[in-house]
Amino acid sequence: MTTLSNKPATTASDASSTAAASPVETPSAQHADKRIYLDGKLVPPGEAMVSVFDHGLLYGDGVFEGIRVYNNRIFKLGTHLRRLYESAQAIRLDIPLSIEELATATRQTVQANKLTDGYIRLCVTRGVGALGLHPFTCAKPSVFIIADKITLYPEELYKNGMTVITSSVMRNHPGALSPRIKSMNYLNNILAKIEAIDAGLLEAVMLNPQGYVAECTGDNIFIVRPDPTGKPVLMTPPLHAGALEGITMNTVIALAQKAGIPVTRPDLTKHDLYTADEMFLTGTAAEIIPVTKVDGRAIGNGQPGLMTKRLLEAFQGLVKNNAPED
Ligand SMILES: Cc1ncc(COP(=O)(O)O)c(C=O)c1O
0 MTTLSNKPAT
10 TASDASSTAA
20 ASPVETPSAQ
30 HADKRIYLDG
40 KLVPPGEAMV
50 SVFDHGLLYG
60 DGVFEGIRVY
70 NNRIFKLGTH
80 LRRLYESAQA
90 IRLDIPLSIE
100 ELATATRQTV
110 QANKLTDGYI
120 RLCVTRGVGA
130 LGLHPFTCAK
140 PSVFIIADKI
150 TLYPEELYKN
160 GMTVITSSVM
170 RNHPGALSPR
180 IKSMNYLNNI
190 LAKIEAIDAG
200 LLEAVMLNPQ
210 GYVAECTGDN
220 IFIVRPDPTG
230 KPVLMTPPLH
240 AGALEGITMN
250 TVIALAQKAG
260 IPVTRPDLTK
270 HDLYTADEMF
280 LTGTAAEIIP
290 VTKVDGRAIG
300 NGQPGLMTKR
310 LLEAFQGLVK
320 NNAPED
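Just so it is clear: in the sequence shown, position 87 is 86 by numbering that gives the first Met the number 0, and no numbers are missing.
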């Protein structure tokens with residue numbers, strides 16, 4: 000089996016966490032019948048090349064989206080595209096297509112790959128430019144779209160819950176690089192992910208420079224805690240804590256509100272996590288995954304919680320048939 004690391008994860012705290020660190024992400028097979036959208040054309044993977052002078056590669060200068068396809072429907076395509084254009088606006092990148100043209104290109108890519116269920120990676124790079132940082136030497140942004148299968152975590156973790164650590168790598172300060180921008184520069188998150196992998200795990204909670212919980216390396220975080228009357232409340236950090244405005248997160252909040260579950264967004268500390276009754280993570284690729292242990296502390300009874308299961312069922316119901324595309 001291939002491993003994420005070239006050395007064994009010897010620091011794993013228990014056997015299940017070692018299993019958890021086994022990667023399930025596999026590089027996309029270079030199937031000749033696959034098609035990648037690249038700057039207006041659908042090309043085989045072997046021809047889907049960007050230049051070594053592209054600033055997306057040289058500097059991580061670009062933006063992207065990860066989008067799910069459920070039963071032939073592109074889940075929240077409109078919302079993903081709006082976030083992409085907002086990220087581009089924030090980094091002063093002019094996407095060379097209208098939002099409608101990009102939606103059409105995305106649909107064409109999904110159809111060309113006959114993808115009924117899977118994952119879309121839509122990237123816009125700054126484009127080819129001179130070797131210096133100067134972004135405006137780049138003549139034209141490059142747009143590429145990959146439509147493929149994805150399995151982020153082993154199925155076993157969805158059933159029994161995952162173990163995470165809090166990372167010593169703090170989430171980007173918004174004054175340095177806003178975590179609201181879904182940019183192609185993920186080094187901050189990658190450094191935290193390496194810490195998780197070194198601990199034999201697959202995810203890490205990232206704190207912001209003030210010490211409050213921001214999010215995980217590729218997912219938003221939720222906990223369930225009782226209010227003063229003992230009623231369970233769903234909580235997720237506010238955006239100002241350094242969280243990406245997750246589309247799965249917003250979907251889960253809406254589903255909870257519809258079910259009459261109170262939702263609050265206070266600043267959360269590690270103590271709030273350690274003493275939570277339930278915890279789960281959300282993300283397009285991860286969907287909803289329960290967390291049952293943080294930094295060696297069992298969450299609740301150490302099993303995925305009831306509210307987590309309830310929201311997971313509601314989410315699966317939403318995306319199963321006729322998933323909203325707006
Ligand atoms: C850092 C980070 N936070 C949160 C998320 C979850 O966002 P979404 O639900 O829109 O996929 C992602 C997913 O890409 C992410 O990379």
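For every residue, glycine included, the Cβ atom is placed at its ideal position computed from N, Cα and C.
What you are looking at is a predicted structure, and each value in this text was computed from that prediction instead of being measured.
Residue i: first and last residue of the uninterrupted beta strand (DSSP E) it sits in
i: Val-293; result: 286 to 293
i: Asp-60; result: No beta strand (DSSP E) contains Asp-60, which DSSP labels as neither H nor E.
i: Glu-46; result: It is not in any beta strand (DSSP E) - Glu-46 carries neither H nor E in the DSSP assignment.
i: Leu-206; result: 203 to 206
i: Pro-237; result: Pro-237 -> no beta strand (DSSP E), and no H or E assigned at all.
For residue i: DSSP bridge partner residues
i: Leu-92; result: DSSP output for Leu-92 lists no bridge partner at all.
i: Tyr-84; result: Tyr-84 pairs with nothing; no bridge assigned.
i: Met-161; result: Val-290
i: Ser-141; result: Thr-124
i: Lys-148; result: Looking at the DSSP assignment, Lys-148 forms no beta bridge with any residue, so it has no partner.
i: Met-183; result: Paired residues: none, contrary to the question.
i: Gly-282; result: Glu-286
i: Pro-225; result: Pro-231
i: Gly-77; result: For Gly-77, which the question treats as bridged, DSSP gives no partner whatsoever.
i: Thr-263; result: Met-234
Residue i - DSSP class collapsed to helix/strand/coil
i: Met-248; result: helix
i: Leu-37; result: strand
i: Thr-216; result: coil
i: Val-51; result: coil
i: Tyr-211; result: coil
i: Ala-328; result: Residue 328 cannot be examined here, being either before or after the span of the chain that is shown, 0 to 325.
i: Thr-274; result: coil
i: Ser-4; result: Low local confidence applies: a pLDDT of 43 at Ser-4 is under 50, so the model's placement there is unreliable, with the coordinate-based value given in what follows. In this structure, Ser-4 counts as coil in the three-state DSSP scheme.
i: Ala-297; result: strand
i: Thr-115; result: coil
i: Thr-136; result: helix
Span of the alpha helix (DSSP H) around residue i
i: Val-168; result: Run containing Val-168: none; DSSP gives neither H nor E here.
i: Ile-193; result: 186 to 197
i: Ala-313; result: 305 to 319
* With distances taken from each beta carbon to the nearest heavy atom of ligand 1, which residues come in below 6 Å, in chain order? -> Gly-65, Asn-188, Glu-214, Gly-217, Asp-218, Asn-219, Leu-243, Gly-245, Ile-246, Thr-247, Met-248, Thr-281, Gly-282 and Thr-283
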